[in-house]
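Heads up: the sequence shown begins at 19 in the numbering used here, then just goes up one per residue.
First comes the structure, then the notes that go with it.
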Amino acid sequence: MARTTKRKVGRPAIEFDLEIVEGLGRIGATAPEMAYVLPAARSTIEHRMADPESDFHKAYRKGQSLLRASLRRKQIAVAMAGNVTMLIWLGKQHLEQTDRRDTQISLTSEELTRMSDDELQRLIDGEVVMVPRDRR
């Protein structure tokens, strides 16, 4: 019996310049945008991206990581320059700060009965109601 060598079927694999792929990751390019720039079929790009072990996938992810790091660096610089909105947003993202506090109030039934209807309604509406100590 004669030995046959197995031949690959289909087109040869496209070789991409991984520096360009990384650069596309740095700007957050989508698969259709990458397909236009490289040039290759969108399905080819999606196929390469689907394999986390491929050099293509790794180069793109490296670019994305550099993009995220650059954005963070710029956001922090803007915040430190005095942009209050950015300071607040970064505080929420990195310091677990929030706009609102959930507070539980424990009142006895006797304390509730001493409150006026207006005070009770304001309490229900979520407003802060100050009850003088002598009424407690």
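The beta carbon of each residue, even a glycine, is placed where N, CA and C say it ideally should be.
Here the structure is a predicted model, which means the values were calculated and not measured.
Can you give me the start and stop residues for the alpha helix (DSSP H) that residue i sits inside?
i: Ile-142; result: 135–142
i: Phe-74; result: 73–98
i: Ala-68; result: 60–68
i: Pro-57; result: Note, Pro-57: premise wrong, no alpha helix (DSSP H); not H, not E.
i: Leu-130; result: 127–132
i: Arg-44; result: 36–44
From residue i to residue j, what distance separates their C-alpha atoms?
i: Gly-81; j: Glu-71; result: 16 Å
i: Ala-172; j: Ala-59; result: The structure shown does not extend to residue 172, since the chain is modelled only from 19 through 154, so no value can be given for it.
i: Gly-46; j: Gln-115; result: 29 Å
i: Leu-85; j: Val-27; result: 38 Å
i: Ser-127; j: Arg-118; result: 27 Å
i: Glu-64; j: Phe-74; result: 10 Å
i: Asp-69; j: Phe-34; result: 15 Å
i: Val-55; j: Met-104; result: 34 Å
i: Ser-61; j: Arg-29; result: 14 Å
With 16 other CB atoms within 10 Å as the buried threshold, where does residue i fall?
i: Ile-32; result: exposed
i: Arg-91; result: exposed
i: Val-146; result: exposed
i: Glu-40; result: buried
i: Thr-48; result: exposed
i: Ala-77; result: buried
i: Leu-138; result: exposed
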